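S.K.:
Protein chains in written order, with UniProt numbering: chain C, 1 to 194; chain H, 1 to 194.
1) Leaving aside the five residues before and after residue 41(H) along the sequence, list all residues of the same chain whose C-beta is less than 6 Å from its C-beta, in chain order.
2) For chain H, find out if any of its Cβ atoms is closer than 9 Å to the Cβ of residue 137(C); answer yes or no.
3) Can you tell me whether residue 1(C) is helix, strand or coil according to DSSP?
4) Indicate whether at least one CB of chain H lies closer than 9 Å to the CB of residue 27(C).
5) Quick check: what's the CA-CA separation for residue 117(H) versus residue 43(H)?
6) Are the stretch 179-187 of chain H and the stretch 1-19 of chain H touching by the rule of at least three beta carbon pairs closer than 8 Å?
7) Helix, strand or coil: how does DSSP classify residue 190(H) here?
8) For residue 150(C), count the other beta carbons within 10 Å of its own beta carbon; 16 or more makes it buried, fewer makes it exposed. Which is it?
9) Give me the chain H residues within the contact set of residue 188(C), using Cβ-Cβ distance strictly less than 8 Å, ordered along the chain.
10) Are three or more beta carbon pairs between the stretch 118-133 of chain C and the stretch 59-74 of chain C nearer than 8 Å?
11) Below 8 Å, how does it come out for the stretch 84-92 of chain C and the stretch 102-115 of chain C: are there three or more Cβ pairs, yes or no?
12) Let me see if you follow: with CB-CB separation under 9 Å, is residue 84(H) close to chain C or not?
13) Would you say residue 57(C) lies against chain H (beta-carbon separation less than 9 Å)?
14) Kindly list the residues whose CB is nearer than 7 Å to the CB of residue 77(C), restricted to its own chain and excluding five residues on each side of it in sequence; keep chain order.
15) Taking the runs of the alpha helix (DSSP H) that are 4 residues or longer, which of them lie wholly in the UniProt domain "Flavin reductase like" (18-160) of chain C?
16) Quick check on residue 61(C) - is its C-beta less than 9 Å from some C-beta in chain H?
Pasting the structure below:
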């Protein structure tokens, strides 16, 4: 289905970096030649404002790597607290050895308009990215640079370019992974004057 | 002074990535030819486990960029909540136009053993990094890759490779910047089983 969920609102591209700026753990989704997959990645960051760029590390051992290499596209999906168990699951298990890992871990996807890259339901932000080919980075460091072509956010928690975690249901707080199944959720806001 | 504060404990290099894994905003410190500086950066991430590597974006317009280009070294300092105002200050003002910006914003530094790179007092984690020269990344994307040679953490909040935000004083929670003076502090922990 190429329709967006009701609460999924477009984010202007010049504000897209704000979805990642506070350092959430992401789910990397991709599709190629009829196959799609999702993996977890704690290693991503914004790299530019406009046009927005991001970096993400995608290990050669992952099935996602083959799909990104094949298609030249990926999406960064920002999971919220209710997806903690699923995020750990798709970060631990590989589609190489567990072909039905998405079903097993309860990951459901939807398709954005005019794209084959699946987006993950239950996330609070989504960045659709086209790979800017940098073969040396990709080969030496597993480091990918993507240009963000579209971005969306859950309007219950991100509005007018700002996360509103303190006003939204706690279940919509983003996840920040450390190791060994240990996450932290994002906490309270602090506004500081210049 | 080349002595570490009492609570500043070495972190084994194979656990150093965990200091950054949850996506905190960092302070980038550097020194060259008798000058030192500190700037804020929300755009950094781990890039490898062992030897640990990191990426960080350092804009050409910053004074820090000249010091990193000159010395080949930088440190990523992880500020805690009490440094929010100072972090915004050194991220907003440039030493190019405000040479005393560190004093104005109350940033105090100390030196680690056998290094000229200043570390920022009041932070809860520190990663000393040697630039792995990648001229194309640096020139095209302002993207630096560093190998972590030493890491330390505040033992009141990071122990045995784990952040203990829920046990430590709230003032030691890390900062996660969005935009316009808006930070979030890291929130509560969630342990998820595989």
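Even for Gly, the Cβ is constructed at its ideal location relative to N, Cα and C.
From a predicted model like this one, the values you see are computed outputs, not experimental measurements.
M.R.: According to the structure data:
1) Counted from its first residue, the second chain places residue 41(H) at position 41. Closer than 6 Å at Cβ, skipping near neighbours: 26, 28 and 56.
2) Walking along the first chain from the start, residue 137(C) turns up at place 137. Closer than 9 Å: yes.
3) Reading the first chain from its first residue, position 1 is the one you call residue 1(C). Caution applies to residue 1(C), whose pLDDT of 49 falls short of 50 and renders its modelled position unreliable; the value that the coordinates give is listed next. The DSSP-derived three-state label of residue 1(C) is coil.
4) Within the first chain, the letter at position 27 stands for residue 27(C). Chain H has no Cβ within less than 9 Å of the Cβ of residue 27(C).
5) Indexing the second chain from 1 puts residue 117(H) at position 117. Indexing the second chain from 1 puts residue 43(H) at position 43. So the two alpha carbons sit approximately 20 Å from each other.
6) No: the two stretches stay apart, fewer than three of their Cβ pairs being nearer than 8 Å.
7) Within the second chain, the letter at position 190 stands for residue 190(H). Reduced to three states, the DSSP call for residue 190(H) is strand.
8) Taking the first chain and counting its residues from 1, one reaches residue 150(C) at position 150. With 16 or more other Cβ atoms from the protein chains shown falling within 10 Å of its own Cβ, residue 150(C) counts as buried.
9) Walking along the first chain from the start, residue 188(C) turns up at place 188. Those within 8 Å of residue 188(C) in chain H are 184, 185 and 187.
10) At 8 Å Cβ cutoff, the stretches touch.
11) With a cut-off of 8 Å, the stretch 102-115 of chain C and the stretch 84-92 of chain C count as touching, because enough Cβ pairs lie within range.
12) By 1-based counting over the second chain, the position of residue 84(H) is 84. Among the CB atoms of chain C, one or more fall inside 9 Å of the CB of residue 84(H).
13) Along the first chain, one-based indexing puts residue 57(C) at 57. Judged by the 9 Å Cβ criterion, residue 57(C) is in contact with chain H.
14) For the purposes of this step, residue 77(C) is identified with residue 77 of the first chain, where counting begins at 1. 26, 27, 29, 119, 120, 123 and 126, listed in sequence order.
15) Correct list: 63-71, 84-92, 101-104 and 135-141.
16) In the first chain, the residue the question calls residue 61(C) occupies position 61. At least 9 Å separates the CB of residue 61(C) from every CB of chain H.
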